[in-house]
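Participant: If you want our numbering, it's the position in the sequence shown, counting the first as 1, plus 139.
Each residue gets a CB set at the ideal place from its N, CA and C atoms; glycine is no exception.
Structure below; questions to follow.
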Amino acid sequence: QESRYEADFEELEHLGSGAQGDVFKVKNRLDGKMYAVKRIRIEEIYFDVDAQRIRPQPSKGLTKMLREAQTLASLNARHVLRYHQSWLEEGLHTPDRRVLEQYGLRDLLSSSGAKGAAVAASPADSDPNLLSQFGSSREDFEPSTSSSVPDLNMQSRSQLFVLDPVSRQIQRRCCFLYIQLEYCPTTLVDVLEDATKVRKAKSETLWRYSRQILEGLAAVHAMGVLHRDLKPSNIYFDAAGDIKIGDFGLATFEQFGGILEHQGNQYMDDLTTGLGTKLYVSPEQEQSLVQDGGGGGATASKQQAQQKEYDEKTDIYSCAMILYELWHPFRSLRERVVGLLNLRRNGLPQQFANAHRRQAFLIRAMLSVDPERRPTAKEILLGEYLPAREDQEFVSDILKTIVTPQGLQVVLNKLFAMGER
140 QESRYEADFE ELEHLGSGAQ GDVFKVKNRL DGKMYAVKRI RIEEIYFDVD
190 AQRIRPQPSK GLTKMLREAQ TLASLNARHV LRYHQSWLEE GLHTPDRRVL
240 EQYGLRDLLS SSGAKGAAVA ASPADSDPNL LSQFGSSRED FEPSTSSSVP
290 DLNMQSRSQL FVLDPVSRQI QRRCCFLYIQ LEYCPTTLVD VLEDATKVRK
340 AKSETLWRYS RQILEGLAAV HAMGVLHRDL KPSNIYFDAA GDIKIGDFGL
390 ATFEQFGGIL EHQGNQYMDD LTTGLGTKLY VSPEQEQSLV QDGGGGGATA
440 SKQQAQQKEY DEKTDIYSCA MILYELWHPF RSLRERVVGL LNLRRNGLPQ
490 QFANAHRRQA FLIRAMLSVD PERRPTAKEI LLGEYLPARE DQEFVSDILK
540 TIVTPQGLQV VLNKLFAMGE R
């Protein structure tokens with residue numbers, strides 16, 4: 140059966156790779172529009188003998204991947220990267236030697252004998268087939284109650300591996316999670332790389348960027364979602380030059396009551412995968428993960444005492460770091476690292492505060508060590524932190540909002556509500 144990805148899209152460009160997978164710029168064959176498609180490989184699979192199909196094996200990694208799709212599906216806001224759809228497909232990839240040895244297939248590395256033929260002869264290994272539309276059935280993400288997960292006998296192995304008859308290379312079956320997103324040509328990283336241009340930008344432009352980031356955050360938080368990985372590479376610009384917040388791989392739905400507990404060692408790994416995240420993460424979020432990474436041996440009471448709780452204010456701190464960089468762009472990576480580390484440790488430089496009094500007032504409040512003293516995104520937008528919008532900008536924002544039926548309805552409801560007062 141034909142791949143849905145290949146049938147629906149023309150792949151134009153590889154935009155980048157990360158720990159989760161690859162991102163491609165694609166063109167939809169039907170509507171002709173450009174999109175970004177994130178492809179995430181899921182290797183934790185097993186062969187369901189009863190259903191004669193590959194299934195993803197429930198794991199922390201899979202849970203994290205599906206969380207991003209679920210989070211994106213719940214968000215519908217102007218300054219949040221637009222989600223379109225998600226789906227799963229079965230596919231093939233070339234495993235490394237370690238994987239083959241783990242499955243007892245080491246002899247296939249240098250031989251294409253009887254066992255290799257047995258692997259290639261598996262009827263379920265013909266063409267990759269579409270598993271399901273994401274979210275249409277929970278059974279695609281849960282193990283069958285009547286099948287072992289995974290069964291490492293030869294029958295199970297033969298269903299998980301394929302011997303390519305041409306290249307004689309062993310390939311392993313896997314699942315791919317595809318997430319179709321709005322395509323944005325640039326990120327805030329691209330903008331900040333040209334420090335000279337940013338320094339020459341009009342203050343109105345930088346305030347507009349600042350406001351749009353905060354509006355995106357306010358919309359995310361209003362849905363009860365914490366981003367937890369806000370940084371310039373996760374902030375996009377669409378074709379019209381408007382801000383879009385994206386990459387919700389670490390996002391978590393906030394528990395009722397406004398408090399979120401730490402997520403354990405899996406997220407410590409996420410925190411330390413790159414310098415970028417560590418430069419922007421809030422102190423309480425970092426401390427929560429560092430404490431949990433201390434290892435085993437802790438009693439239940441100690442583990443409970445170690446739990447560090449945080450809420451939407453963790454994103455406010457990260458946003459403050461971004462706003463500082465926006466108003467004080469760095470000329471090199473070294474200058475950036477030193478400057479942001481100094482900001483985290485010592486607060487705003489006096490020279491910056493003297494040159495940008497209003498910005499300093501806002502950023503200081505957002506960088507408060509005590510999360511309770513940080514304003515929320517909504518409080519910033521409704522308070523005296525930001526300058527008043529220019530009339531032209533205000534009208535432009537309204538016109539952009541009402542182009543969709545949902546946006547028009549929101550504006551009309553607000554207007555009628557004001558008339559009833």
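Is Y322 near the ligand ATP - that is, is its Cβ less than 7 Å away from at least one heavy atom of it?
Facilitator: Within the structure as shown, the ligand ATP is missing, as the structure has no ligands at all.
Participant: Below 7 Å CB to CB, which residues in the same chain sit around A212 once its five sequence neighbours on both sides are set aside?
Facilitator: Y222
Participant: So if DSSP puts F491 in a beta bridge, which residue, or which two residues, is it bridged to?
Facilitator: Note: F491 sits in no beta bridge, so no partner.
Participant: Going by the DSSP bridge assignment, what does G155 pair with across the sheet?
Facilitator: V162
Participant: Have a look at R512 and L201 and give me their C-alpha separation to the nearest angstrom.
Facilitator: Their Cα atoms are separated by approximately 36 Å.
Participant: Taking the continuous beta strand (DSSP E) assigned at K177, which residues delimit it?
Facilitator: 173-181
Participant: How long is the line joining the alpha carbons of C314 and L205, rounded to whole angstroms?
Facilitator: 13 Å
Participant: Between which two residues does the beta strand (DSSP E) containing Y375 stretch?
Facilitator: 374-376
Participant: So V124 and E141 are in contact, right, with Cβ under 8 Å, and what is the actual spacing, rounded?
Facilitator: Residue numbering for the chain in the displayed model covers 140 to 560; residue 124 lies beyond these limits and cannot be assessed.
Participant: Do you know how far the Cα of T416 is from the Cα of S507?
Facilitator: 19 Å
Participant: So which of R168, Q489, M173, L169 has the shortest CA-CA distance to E152?
Facilitator: M173
Participant: Sorted by chain position, which residues of the same chain lie with C-beta nearer than 8 Å to G435's C-beta, five sequence neighbours on each side aside?
Facilitator: Model confidence at G435 stands at a pLDDT of 41, short of 50, so the residue's coordinates are unreliable; what they give is reported in the following sentence. Cβ within range, chain order: n/a, list empty.
Participant: Is it buried or exposed, E145, if we count other Cβ atoms within 10 angstroms and call 16 or more buried?
Facilitator: E145 should be labelled exposed.
Participant: Could you check if G230 is buried or exposed, using at least 16 other CB atoms within 10 Å of its CB as the buried criterion?
Facilitator: buried
Participant: Would you say W226 and Y317 are within 8 Å of each other, going by their C-beta atoms?
Facilitator: yes
Participant: Roughly how many angstroms separate the alpha carbons of A361 and L220, rounded to a whole number?
Facilitator: Distance between A361 and L220, taken at the CA atoms: about 16 Å.
Participant: Compare the C-alpha of H218 against each of R470, L169, G380 and name the closest.
Facilitator: G380
Participant: CA-CA distance, L465 and F376?
Facilitator: 14 Å
Participant: Quick check: is the beta carbon of D381 nearer than 8 Å to any beta carbon in chain C?
Facilitator: Structure shown: chain C not included; a single protein chain is present.
Participant: Just how far apart, CA to CA, sit L480 and A527?
Facilitator: Using only the alpha carbons, I get a separation of about 32 Å.
Participant: Use the C-beta contact count for N485: other C-beta atoms within 10 angstroms, 16 or more gives buried, fewer gives exposed.
Facilitator: Under the 10 Å beta carbon count, N485 is surrounded by fewer than 16 other beta carbons and is classified as exposed.
Participant: Hey, would you say D454 sits closer than 8 Å to L525, going by beta carbons?
Facilitator: D454 is not a Cβ neighbour of L525, given a cutoff of 8 Å.
Participant: Below 8 Å on the Cβ atoms is my guess for L327 versus I374; work out the distance and round it to an integer in Å.
Facilitator: Between I374 and L327 the Cβ distance is about 4 Å, and since that is below 8 Å, they are a contact.
Participant: Nearest by alpha-carbon distance to L472: which of H495, C458, Y348, L331 is it?
Facilitator: L331
Participant: Quick one: what's got a C-beta closer than 8 Å to L320's C-beta in the same chain, skipping five residues either side?
Facilitator: Y174, A175, V176, K177, L211, L220, R221, Y222, H223, G385
Participant: Which class does P144 belong to by DSSP, given the choice of helix, strand or coil?
Facilitator: A small fix is needed here, since residue 144 is Tyr in this sequence, not Pro. If DSSP states are grouped into helix, strand and coil, Y144 belongs with the helices.
Participant: Indicate the three-state DSSP secondary structure (helix, strand or coil) for C458 in the structure shown.
Facilitator: helix
Participant: Under the rule that 16 or more other beta-carbon atoms within 10 Å means buried, what is T515, buried or exposed?
Facilitator: buried
Participant: So I502 packs on L353, CB below 8 Å; how close in whole Å?
Facilitator: That pair is no contact at about 12 Å.
Participant: Hey, A378 and A216: beta-carbon distance below 8 Å or not?
Facilitator: no
Participant: DSSP three-state call for N469: helix, strand or coil?
Facilitator: Per the sequence shown, the amino acid found at residue 469 is Phe instead of Asn. Here F469 sits in coil by DSSP.
Participant: So, at 6 Å on beta carbons, what are the nonlocal neighbours of M505 in its own chain, with the 5 sequence-adjacent residues on each side left out?
Facilitator: I455, A459, R513
Participant: May I have the straight-line CA-CA distance separating T411 from P468, to the nearest angstrom?
Facilitator: A caution first: T411 carries a pLDDT of 36, below 50, which makes its placement in the model too unreliable to give a value.
Participant: Kindly indicate which residue of D161, G157, F148, G155 has the alpha-carbon position closest to the one of N167.
Facilitator: F148
Participant: If you draw a straight line from the alpha carbon of A494 to that of S457, how long is it in whole angstroms?
Facilitator: 22 Å
Participant: Please classify Q394 as buried or exposed, where buried requires at least 16 other C-beta atoms within 10 Å of its C-beta.
Facilitator: In this predicted model, Q394 has a pLDDT of only 39, less than 50, meaning its place in the structure is not dependable; the value taken from the coordinates is given anyway. By the neighbour-count rule (16 or more Cβ atoms within 10 Å), Q394 is not buried but exposed.
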